[in-house]
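Q: One structure is given below, represented as structure tokens, and several questions about it will come after.
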Amino acid sequence: MEEIVTAKEADLPRILEIYDIAKAYMRANGNPNQWNGAYPDPETLRTDIEKQRLYVYKKDGRIHGVFMLLLEEEPTYAYIEDGSWREETPYGTIHRLAGDGEVSGLFAKCVAFCESKVKYLRADTHFDNHTMQHLLEKNGFERRGIIYLKNGDPRIAYQK
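Residue numbering for the sequence shown follows full-length UniProt numbering, beginning at 1 and increasing consecutively.
And the structure:
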């Protein structure tokens, strides 16, 4: 049985393990600069759990994936360079999606779940994260331009 459910505090050790797996994958695949150090950190994840916006993908009771779905405006998306958003209708933003590599089609499952909550989706990713760029484009997202994180780092912006 597979399901996507709201994450709980008790899920945190496994969630952190999945992020460690994702970080190792990124470093081994030409993306050494994204998610450096402790990020995503337990404090950020606890806030997401409290706000009921962190989700886990479970198969046969075991967590294999995690992501955050923000159902309010993403402040860093207010300014977009070298492009534009397709429309300004309400949207959801997928952040911090990661898997343990044991489930194929995890990204598509997460996107389908998000689309059941909100019609329009946005996401962004690091220039070196070619795996995520491929997954976004494979799942119907279009590159829309460049956004900047709070710290000024640029990211490729996508919209579906």
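Here a beta-carbon is modelled for each residue, glycine too, at the ideal position from N, C-alpha and C.
#1: For residue 59, does the three-state DSSP call read helix, strand or coil?
#2: Just the C-alpha distance for residue 49 and residue 19, rounded to the nearest angstrom, thanks.
#3: By DSSP's criteria, residue 148 is part of a beta bridge. Which residues make up the other side?
#4: What would DSSP say about residue 95, mapped onto helix, strand or coil?
#5: With DSSP run on the structure shown, which of helix, strand or coil describes residue 126?
#6: Thinking C-beta only, is residue 157 closer than 9 Å to residue 83?
#7: How close, in whole Å, do the beta carbons of residue 29 and residue 126 come, if the pair is a contact with beta carbons under 8 Å?
#8: Expressed to the nearest angstrom, what Euclidean distance is found between the alpha-carbon atoms of residue 135 and residue 103?
#9: When the Cα atoms are used, what is the spatial distance from residue 133 to residue 139?
#10: Which residues in the same chain as residue 147 place their Cβ atom closer than 6 Å to its Cβ, once the five residues preceding and following it in sequence are excluded?
#11: Between 47, 118 and 39, which has its C-alpha nearest residue 8's C-alpha?
#12: Just how far apart, CA to CA, sit residue 36 and residue 11?
#13: Suppose you measure from the CA of residue 27 to the CA of residue 128; what does that come to, to the nearest Å?
A: To lay it out plainly:
#1: strand
#2: 15 Å
#3: 154
#4: strand
#5: coil
#6: yes
#7: Contact flag wrong, Cβ pair sits at about 12 Å.
#8: 14 Å
#9: 10 Å
#10: 76, 77, 80, 124, 155 and 157
#11: 47
#12: 22 Å
#13: 10 Å
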